[in-house]
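These notes concern the structure reproduced below.
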Amino acid sequence: MEPRNFDGDADRPRSAGAKQTGRVLVVGPYLRVRAGSADAQSEAHVLRDVEARLDEAAGLARAIDLIVADAIVAPISQIRPATYIGKGKVEEIAGLIKTLDVELVVMDCALAPIQQRNLEKELHAKVLDRTGLILEIFGRRAKTREGSLQVELAHLNYQRSRLVRSWTHLERQRGGFGFMGGPGETQIEADRRLIQERISKLEGELKKVQATRRLHRAGRQRVPYRVVALVGYTNAGKSTLFNRLTRADVQAADMLFATLDPTLRALNLPHGGKAMLSDTVGFISNLPTQLVAAFRATLEEVLEADVILHVRDISHEDAEAQQSDVDAVLRQLGINPDDSGRIIEVWNKIDRYDSEQREELLNIAARRPADHPAMLVSAVTGEGVDALLAAIEERLAAKRTTLDLSIDAADGAGISWLHRNAEVLSKELHNGRFDMTVRVDETKRDIVVSRFDAVPHLAT
């Protein structure tokens with residue numbers, strides 16, 4: 233989509249004719265910041281390409297089946313406290329609303345409640361900011377009970393500060409109890425109280441969800457399965473890669489936030505070992521803080537993961553900026569994005585490049601530090617997936633100890649315990665004894681050594 237700039241003399245759109253349901257005008261009110269300035273260096277999102285930012289905002293609107301009548305850039309020199317944008321631009325947008333016959337204006341920014349209220353009064357149309365739009369998408373996509381609880385909690389926290397937006401009935405007071413009561417509480421106070429009660433209830437239910445997840449996680453820790461988590465910018469191809477690695481059928485579509493609820497599947501490693509692969513919600517620039525907080529229970533899978541795959545759409549024009557956005561969310565979660573012992577960077581969608589461009593990518597990857605490699609893959613064609621699996625296995629093995637032992641073939645209980653608590657790499661029967669090579673966590677190393685008289689494995 234070609235963004236139109238209010239500062240230029242771009243042609244005004246033609247009349248849209250008959251009104252359609254869900255028609256929307258997307259506005260990108262982006263600050264003018266000189267490249268290299270202190271402001272540009274302090275704000276990561278200003279490094280993003282304006283056209284890509286506007287296209288992403290339009291994609292968010294389409295993700296909930298809105299009809300994007302037009303998408304325009306409205307550059308501003310400073311943020312206005314009353315309406316975010318200047319009076320002249322408000323008037324121009326109002327003219328476009330009439331011309332395009334739209335019902336909704338999406339502002340690709342975070343609006344304060346008063347700014348949203350003032351814009352709706354001036355434009356005579358419903359106004360939704362970036363946070364509200366993302367919340368709407370999450371509300372549509374949440375399928376599990378947990379996901380629905382998380383979205384509702386985030387939405388209520390967002391809505392609580394916007395009760396005074398446009399309805400005057402919220403200012404009316406209700407009478408007190410009997411003749412002795414005072415003027416009573418206003419409608420807005422009652423609504424806020426009800427919202428707070430609902431928030432408290434949801435927080436209690438989510439604590440139960442967290443407790444259940446901890447039990448499930450503890451159960452996985454009792455077996456030799458490690459957890460590998462996929463993270464990345466929305467639409468980077470995480471779900472497609474998840475399906476490719478696990479042969480699952482998780483919904484994967486070319487749209488923002490195609491999947492929301494987390495999924496766990498078994499991942500078969502090259503040498504017979506197994507891990508659990510977790511597909512998480514995609515990240516996005518300016519991810520609402522309400523969602524980061526509400527989805528913390530889900531994102532605990534990332535916090536507890538042994539290996540994190542940061543999946544990047546390397547073909548995207550804003551790939552570097554998207555990487556910065558994901559790194560910022562990881563830091564919010566308390567994860568160091570530069571932890572090379574835990575994070576593997578995956579450059580996805582290399583199938584979109586021709587052979588010459590692919591060779592250039594390989595050269596770029598080869599010049600990276602040895603402790604920060606990049607794995608080039610195509611989740612669609614499967615190219616590079618075997619090398620990625622080998623890298624995952626190597627990273628997981630680095631955190632485990634390989635031991636050799638000999639056990640009586642009649643010791644069924646001991647053999648069973650090893651299969652449940654260790655990764656059995658080899659097992660051969662000689663003279664009534666099993667010679668085994670196993671890989672165990674450091675937490676179980678001493679038990680295996682003392683119980684089975686195991687010794688460190690000597691590589692051949």
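Numbers 233 to 692, taken from our numbering, label the letters of the sequence shown in order. Even glycine gets a Cβ: it sits at the ideal position worked out from N, Cα and C.
DSSP bridge partner residues for residue i (one or two, in chain order)
{"i": "Y465", "result": "F515"}
{"i": "N580", "result": "D545"}
{"i": "R632", "result": "D673"}
{"i": "P688", "result": "L635"}
{"i": "K433", "result": "Answer by DSSP bridge pairing: none, since K433 is not bridged."}
{"i": "G614", "result": "Beta-bridge pairing links G614 to no other residue."}
{"i": "A498", "result": "M508"}
{"i": "G260", "result": "V305"}
{"i": "Y316", "result": "R312"}
{"i": "A606", "result": "E577"}
{"i": "R665", "result": "D640, H662"}
{"i": "V460", "result": "L509, V539"}
{"i": "R255", "result": "I299"}
Cutoff 8 Å; reference residue i; Cβ partners in own chain excluding five residues on either side
{"i": "F515", "result": "V463, G464, Y465, T466, D557, V558, V561"}
{"i": "I624", "result": "V460, L499, L501, A507, V539, L541, I576"}
{"i": "R712", "result": "Summary: the structure shown does not reach residue 712, with the chain confined to residues 233 through 692, and so no result is reported for it."}
{"i": "L381", "result": "L434, E437, L438, V441"}
{"i": "D326", "result": "What sits at residue 326 in the sequence shown is Ala, not Asp. Cβ neighbours of A326 beyond the five flanking positions: E354, L355, H356."}
{"i": "G664", "result": "D640, A641, A642"}
{"i": "I582", "result": "I546, S547, R590, L593, L608, V609, S610, E615, G616"}
{"i": "T512", "result": "A461, L462, V463, K470, P494, T530, L531, E533, V534"}
{"i": "A686", "result": "L635, D636, L637, V670, V680"}
{"i": "G566", "result": "L535"}
{"i": "G410", "result": "Confidence in G410 is poor, its pLDDT being 41 and thus under 50, which makes the residue's placement unreliable; the coordinate value appears in the next sentence. Result list for G410: empty, nothing under 8 Å."}
Boundaries of the beta strand (DSSP E) in which residue i is found, first to last residue
{"i": "E660", "result": "655-662"}
{"i": "I304", "result": "299-305"}
{"i": "D696", "result": "Outside the shown range of the chain (233 to 692) lies residue 696, about which nothing can therefore be said."}
{"i": "V337", "result": "336-339"}
Start-to-end residues for the alpha helix (DSSP H) that takes in residue i
{"i": "I346", "result": "345-355"}
{"i": "K470", "result": "470-478"}
{"i": "V558", "result": "551-564"}
{"i": "E536", "result": "From DSSP, E536 is part of no alpha helix (DSSP H); its letter is neither H nor E."}
{"i": "G291", "result": "282-294"}
{"i": "G379", "result": "377-392"}
{"i": "I596", "result": "587-598"}
Residues near residue i in its chain [Cβ-Cβ closer than 6 Å; skip 5 each side]
{"i": "A284", "result": "E549, D550"}
{"i": "V383", "result": "F370, G371, A374"}
{"i": "P345", "result": "S393, R394"}
{"i": "R627", "result": "V539"}
{"i": "E335", "result": "R255"}
{"i": "G505", "result": "E655"}
{"i": "S572", "result": "D603, H604"}
{"i": "V322", "result": "T315, E354"}
{"i": "L203", "result": "There is simply no residue 203 to check, as the chain begins at 233 and stops at 692 in what is shown."}
{"i": "R677", "result": "T633"}
Sequence-distant residues of the same chain with beta carbon closer than 7 Å to residue i, five excluded per side
{"i": "S682", "result": "none"}
{"i": "D281", "result": "E549, D550"}
{"i": "I679", "result": "none"}
{"i": "G644", "result": "none"}
{"i": "G318", "result": "I308, R312"}
{"i": "I647", "result": "I639, F666"}
{"i": "A290", "result": "M233, V258, V300, A303"}
{"i": "H689", "result": "T634, L635, D636, T669"}
{"i": "M412", "result": "Note on M412: pLDDT 39, under 50, position unreliable in the model; the coordinate value appears next. If we look at M412 and ignore the five residues flanking it on each side, it has no Cβ neighbours."}
Is the segment 655-675 close to the segment 606-613, with three or more CB pairs under 8 Å? no
Hey, is the segment 254-264 in contact with the segment 283-297, meaning 3+ C-beta pairs nearer than 8 Å? yes
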